[in-house]
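Numbering (UniProt numbering), first residue to last: 1 to 326.
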């Protein structure tokens with residue numbers, strides 16, 4: 001079962017799971033997801049906290065043995081403006097979902113967490129023991145759900161793997177799924193929007209302690225991310241054991257890319273220059289960090305294989321296709 005399975009990441013995870021021979025059931029309220037992403041995939045439309053819908057889904061599919069929980073509101077500025085809404089959607093409703101799953105005897109949970117739980121102030125690598133300092137209500141909801149899963153696992157309710165995503169970009173390389181938001185708020189989305197409008201792209205903050213002064217992120221191709229979920233599902237019982245029922249794993253490339261370098265990648269892929277303007281830091285901005293991914297390689301036998309150029313190329317191709325789906 002994949003919650004949020006008609007969204008950007010959830011739908012791509014579903015595709016990868018199906019290709020690996022796993023049957024999927026999708027629960028999505030379609031507030032952000034696309035119905036087309038659920039076609040032929042046992043799509044149930046509704047809220048993760050809808051008890052009657054969950055009972056129906058679990059009754060229809062008593063063989064569900066793992067849940068990948070991707071459903072969440074995930075726009076940082078929106079979370080700052082509406083913290084109560086975010087805590088309700090991402091934490092409160094997750095608790096209700098987990099209670100239903102526990103009562104149904106489903107004990108394997110793979111949670112879509114985020115590298116935003118880390119301090120992210122150094123521009124350097126961070127492993128799973130890095131300092132946690134979520135800087136927005138959105139990031140705090142991810143840290144809170146991690147704590148809930150940790151405590152529930154300790155109590156014997158579940159075994160759980162929290163996958164801390166760094167910065168997903170790109171689309172399914174076969175363009176079956178991708179970013180459902182036509183105007184994503186991440187840096188690559190802003191670059192693409194500026195290019196399409198013939199306007200300069202704004203680099204906010206050029207005095208960070210990074211190699212070129214611009215902010216740094218670890219951009220992981222969404223298909224690599226999806227394959228990590230397949231590995232987590234397939235190796236679940238080896239990773240989250242009875243003795244150590246809660247595990248955290250970073251998912252990234254293991255390398256940082258600055259904003260200036262992301263602009264350069266876009267220019268390489270398109271073969272066109274991109275006008276850039278520079279401004280000061282915004283409130284809440286951070287230097288960023290990249291993933292130390294030794295643990296993912298050790299326990300999942302997984303590592304990212306696609307480059308930032310691959311991610312940019314697939315994101316552009318998907319954006320051109322997206323209009324036809326809407």
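All C-beta atoms in this analysis are idealised placements derived from N, C-alpha and C, irrespective of residue type, glycine included.
Q: May I have the straight-line CA-CA distance separating residue 217 from residue 191, to the nearest angstrom?
A: 15 Å
Q: Starting from residue 81, trace the beta strand (DSSP E) both ways and give me its first and last residue.
A: Counting along the chain, residue 81 falls outside any beta strand (DSSP E), though it belongs to the alpha helix (DSSP H) covering 76-81.
(Q) Does residue 60 pass the burial test, meaning 16 or more other C-beta atoms within 10 Å, or should it be called exposed? (A) exposed
Q.
Buried or exposed for residue 167, going by 16 or more other Cβ atoms inside 10 Å?
A. buried
Q) Between residue 311 and the rest of its own chain, which residues show a CB-CB distance below 7 Å, the 5 nearest in sequence each way excluded? A) 169, 170, 219, 221
Q | Inside the region 50-123 only - beta strand (DSSP E) runs reaching at least 3 residues | A | 67-69, 108-114
Q. Would DSSP call residue 195 helix, strand or coil?
A. helix
(Q) Using a Cβ distance threshold of 8 Å, determine whether the region 281-291 contacts the region 113-124, with at least three qualifying pairs required. (A) yes
(Q) Considering Cα atoms alone, identify which of 142, 178, 30 is closest to residue 15. (A) 178
Q: Can you give me the start and stop residues for the beta strand (DSSP E) that residue 12 sits inside?
A: No beta strand (DSSP E) holds residue 12; the alpha helix (DSSP H) holding it covers 8-19.
Q. Tell me which same chain residues have a C-beta within less than 6 Å of the C-beta of residue 207, skipping the five on either side of it?
A. 213
Q: Helix, strand or coil for residue 48, going by three-state DSSP, please let me know.
A: coil
Q | For residue 137, the nearest candidate out of 127, 80, 111 (CA to CA) | A | 80
Q) Between residue 278 and residue 203, is the Cβ-Cβ spacing less than 8 Å? A) yes
Q. Given a threshold of 16 other Cβ atoms within 10 Å of its Cβ, counted over all protein chains shown, does residue 129 qualify as buried or as exposed?
A. exposed
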